[in-house]
Every structure is written in C-alpha cells, then in structure tokens.
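Peer 1:
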Amino acid sequence: ELNFSEVAGLWRGGCIIRAALLEDIRTAYAQNPSLPNLLLDSAFAEKLEAAQESTRHIVKLAVDNGIPMPALMACLSYFDSYKRGWLPANLIQAQRDYFGAHTYERIDREGTFHTKWSDEPKAG
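So for the sequence shown, the working numbering puts the first residue at 53; every next one is plus one.
1) Tell me Thr164's beta-bridge partners as DSSP assigns them.
2) Among Ser86, Ile77, Asp116 and Phe165, whose alpha-carbon lies nearest the alpha-carbon of Tyr150?
3) Which two residues bound the contiguous alpha helix (DSSP H) that contains Asp132?
4) Could you please give the first and the last residue of the uninterrupted alpha helix (DSSP H) stretch that includes Ala71?
5) With a threshold of 8 Å, are at least 3 pairs of Cβ atoms found where one atom belongs to the stretch 101-117 and the other to the stretch 125-132?
6) Would Leu87 and Ala95 qualify as a contact pair, given that the criterion is a beta-carbon distance under 9 Å?
7) When you compare only the Cα positions, how much space is there between His154 and Arg148?
8) Could you work out which residue in Asp160, Leu91, Tyr156 and Glu162 is closest to Trp169 when comparing CA atoms only?
Here is the structure:
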C-alpha cells in the first residue's frame, strides 16, 4: 500500500524530476489518499480540460508532418477514453465472438450474447 502523496513529495525533494506537477500530485493524493486515478481529481481534470485544445493541435501538427509522438498521442487517447462511457473499442468483443465464440455484452439489454456470424446476411 503506497502513500502516493508521500512518494510525489519524495521525488520532488531529491530527484532529478522536480516538476511543479509533482506538487499537484502530492496535493491530490493528500486530499484523497484513495483516489483511483489522477483524472478524477477536480484540479487535474480542470487543468487537463484547459490544455486539451493545444495538445490536440500539437498532435495534429505532428501527424501532418510525419513526426512520431507516441507518448503524447497515447496520453491524449487515454484522456479521451476515460471521458467516455462507451467506446468504439467495444468492437473487439464482436471480433472475439466471431473468431472464438467468446460472447459479448450489449448496451441495450442485460446479459451476454453470442451470434452465429456466418449466418448473418451479407451486406452489399
């Protein structure tokens, strides 16, 4: 059981990473030691909301110019996925069901389902 507030304080005090962000992390966990994710801290959420437009602009420029930015792109994708209740990635459930009959959940009714995909009418 780590005390994340204390860890952030230690890093800020003696490590090469002395970013002001560490103080924000320390404060967030000091206020809520059982915080499951920093994105759920109101101060962090506010800062991220304010920064997202410029972050998207930077990522767009990188893509347009063929500049790899995997960490920043992954961070933005994680932020976007955390804000949504439903994601297109749920398609993976259908693919798993198609290839291995692993079943899937639906958003319109309770339970798990399996479809015999080869019996479905072909589009076109």
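Where is the CB? At the ideal position from N, CA and C, for every residue including glycine.
Peer 2: If we stick to the structure as given:
1) Partner(s): Glu157.
2) With distances taken between Cα atoms, Tyr150 lies closest to Phe165.
3) Annotation for Asp132: the continuous alpha helix (DSSP H) segment containing it runs Pro122 to Lys135.
4) For Ala71, there is no enclosing alpha helix (DSSP H), as DSSP marks it with neither H nor E.
5) The answer is yes - the stretch 125-132 touches the stretch 101-117, with three or more Cβ pairs under 8 Å.
6) In this structure, Ala95 does not lie closer than 9 Å to Leu87 by Cβ.
7) Separation of His154 and Arg148 (C-alpha to C-alpha, rounded to the nearest whole angstrom) is 6 Å.
8) Relative to Trp169, the option among Asp160, Leu91, Tyr156 and Glu162 whose CA is nearest is Tyr156.
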